[in-house]
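If you're matching positions, the sequence shown starts at 80 in my numbering and goes up one per residue.
Just so it is clear, CB atoms sit at the ideal spot from N, CA and C, and this is done for glycine as well.
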Amino acid sequence: MSSLESIHQAYEDVTKKTLMLWEKSAGRGVVRNEPFYHPTKLAISSGNRPALSPELLSLLSAMKESTQGDPLADPNPAAGVHFSFFPVTNALYDRVDQAHDRDEVAAIFTRYCAGHVMHISQLRLVALPNQILLAGLPDAQSLKVRQQFAGALLASNWAGKVWARYPQSDIPQLFWHSTLLRYNASVISPELHALFLRFQNQDFGEVSLPVRLVMCNYNWQQVEFLA
80 MSSLESIHQA
90 YEDVTKKTLM
100 LWEKSAGRGV
110 VRNEPFYHPT
120 KLAISSGNRP
130 ALSPELLSLL
140 SAMKESTQGD
150 PLADPNPAAG
160 VHFSFFPVTN
170 ALYDRVDQAH
180 DRDEVAAIFT
190 RYCAGHVMHI
200 SQLRLVALPN
210 QILLAGLPDA
220 QSLKVRQQFA
230 GALLASNWAG
240 KVWARYPQSD
250 IPQLFWHSTL
260 LRYNASVISP
270 ELHALFLRFQ
280 NQDFGEVSLP
290 VRLVMCNYNW
300 QQVEFLA
């Protein structure tokens, strides 16, 4: 289980590395040939959507202005801003009923996560080469519950789909975040670089969210609750 210090250090390290890359890169880099995720296919995930604070709404407004007319920018709509708890599968489904044995996932979720409220504090921006995240530090119980949920899934018939979701990363994932923007190139635009620097040191507070099991598309514009 990751410590809060290691999570915080990971945010610091990846942002520092990204800012150095942005400084070296001219323009927007190489355009991606494929989108990050299929726009409409559904994945099984868990998490929830927070009420948006005035500070976050101000950031989203500035982000919308900075991406106006930029076809490579994919800012998450305000109505889709969400914090994932543990994404379970890739985007595999066109409809909910295509997720066979989803009742097993729901039963595991209910066993380990029913009634759990995740708390994420010290929210701040984190930079990836072509993404801007809002990330923070979880409470100790959320770390424990997520680890138990992931472990139970890996011991179930859904293990293959979970491993496919995380082929080269930790299970569960290290970051606790909401992806606010994806950019369909190797690095973000100079305008978004400037936006990140403008808001980099702002404290966006904290969120407390009841964890729900869902089927959703990548930006939570399509959401079906399973538990």
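Between Ser268 and the set Asp149, His87 and Pro118, the nearest pair of CA atoms involves Asp149.
Take the alpha-carbon of Ser265 and the one of His195: they are about 37 angstroms apart. By the Cβ neighbour-count rule, Phe304 is exposed, with fewer than 16 other Cβ atoms within 10 Å of its own. Sequence-distant partners of Asn169 (beyond 5 residues in either direction) whose C-beta falls short of 8 angstroms from its own C-beta, in its chain, are Ala122, Lys240, Ala243 and Arg244. Measuring C-alpha to C-alpha distances from Phe254 to each of Ala214, Val293, Leu276 and Lys223 identifies Ala214 as the nearest. Within the model, the alpha-carbon separation for Met294 versus Leu232 is close to 16 angstroms. For Trp237, the closest of Val184, Gly108 and His161 by C-alpha to C-alpha distance is Val184. Under the three-state reduction of DSSP output, Ser163 falls in the strand class. One alpha carbon belongs to Gln201, the other to Pro246, and they sit about 29 angstroms apart.
Per DSSP, Gln252 is not a residue of any beta strand (DSSP E), being assigned neither H nor E. Taking the Cα positions, Leu276 is about 38 angstroms away from Gly230.
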